[in-house]
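Start counting the sequence shown at 5; every next residue gets the next number (this note's numbering).
All residues carry an ideal CB built from backbone N, CA and C; glycine is no exception.
Presented below is the structure to which this report refers.
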Amino acid sequence: MFIRNCWYVAAWDTEIPAKGLFHRTLLNEPVLLYRDTQGRVVALENRCCHRSAPLHIGRQEGDCVRCLYHGLKFNPSGACVEIPGQEQIPPKTCIKSYPVVERNRLVWIWMGDPARANPDDIVDYFWHDSPEWRMKPGYIHYQANYKLIVDNLLDFTHLAWVHPTTLGTDSAASLKPVIERDTTGTGKLTITRWYLNDDMPNLHKGVAKFEGKVDRWQIYQWSPPALL
């Protein structure tokens, strides 16, 4: 079961080409993503309503996408606008469309009730666009429930045991974090770990070229259900 009435990251902006079809499974739903002729991202159910053929093996035609099984053509709102050999199009011949917003180099998608989708609720990842920050986009597919990944990234005591030769030091196993809960209703949680006069992890030694003790910190922010 998933929380549906919230914004999820569907893709990095660079994953969706200027021309062509991209697909990804989100909340166990197959989703088709592409850009219209104005460069705006469109998100549709990746399944033709006629015989359930995946639309990503179809083709884009202008702002629309055509299923290459029987040729049904769908516009960005999910409505069927053409059925080859048939003049009348039944009103129920449509597929689901999803609200999408492209912001901070991320493509956000609303998987729940479209009427409740408010772009103002999107978490601000301003540093993705800021020249004062450096970031590197990436994608990892985990063969695991997303809640296990949230647990893993919010509980860094495992660094001492799982990553002892890279990110972890012995102190990670016993360090008590500072936990701050947002009081404005967002549900956001901030977890901070301060390592004072501690050994440098081996990964940092290789970058800093320094062997002495240091003060360092780790800060994680979690915006439920799935943004870290």
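Query                                                                                                                                                                                 : Result
In whole angstroms, give me the CA-to-CA distance for Lys77 and Thr170.                                                                                                               : 52 angstroms
Output the distance between the C-alpha atoms of Ile183 and Leu193, rounded to the nearest integer angstrom.                                                                          : 7 angstroms
For the stretch 117 to 171, which segments carrying the alpha helix (DSSP H) assignment without a break, of at least 4 residues, lie completely within its bounds, in sequence order? : 150 to 158 and 163 to 166
What does DSSP give as the partner residue(s) for Tyr102 in the beta ladder?                                                                                                          : DSSP, once it has assigned bridges, lists no residue as partnering Tyr102.
By DSSP's criteria, His26 is part of a beta bridge. Which residues make up the other side?                                                                                            : A small fix is needed here, since residue 26 is Phe in this sequence, not His. According to DSSP, which records beta bridges pairwise, Phe26 is partnered with Leu37.
In whole angstroms, give me the CA-to-CA distance for Tyr38 and Arg28.                                                                                                                : 11 angstroms
Using the rule of at least 16 other Cβ atoms within 10 Å of the residue's Cβ for burial, across every protein chain shown, is Gly62 buried or exposed?                                : buried
Apart from the five residues on each side of it in sequence, which residues of its chain come closer than 7 angstroms, Cβ to Cβ, to Tyr146?                                           : Ile153
Would you call the stretch 206 to 218 and the stretch 121 to 137 touching, i.e. three or more CB-CB distances under 8 angstroms?                                                      : no
Looking only at C-alpha atoms, which of Pro181, Gly142 and Gln222 sits nearest to Val13?                                                                                              : Gly142
Are at least three pairs of beta-carbons, each pair with one atom in the stretch 87 to 103 and one in the stretch 38 to 57, less than 8 angstroms apart?                              : yes
Could you round the C-beta distance between Ala164 and Asp155 to whole angstroms and report it? I think they count as a contact, below 8 angstroms.                                   : That pair is no contact at about 16 angstroms.
In the DSSP assignment, the alpha helix (DSSP H) including Leu207 goes from what residue to what residue?                                                                             : Asn206 to Ala212
If I follow the unbroken beta strand (DSSP E) through Thr196, where does it start and stop?                                                                                           : Leu193 to Asp202
Taking the alpha carbon of Glu65 as the point to measure from, which residue in Arg185, Val85 and Trp131 has its own alpha carbon closest?                                            : Val85
Would you mind working out which of Asn149, Val45 and Asp40 sits nearest Met5, comparing C-alpha positions?                                                                           : Asn149
Using 8 angstroms as the threshold, is the C-beta distance between Arg8 and Leu31 below it?                                                                                           : yes
Could you work out which residue in Val69, Leu25, Glu49 and Gly75 is closest to Ile113 when comparing CA atoms only?                                                                  : Glu49
Any contact between the stretch 69 to 76 and the stretch 107 to 123? By contact I mean 3 or more CB pairs, one from each, below 8 angstroms.                                          : no
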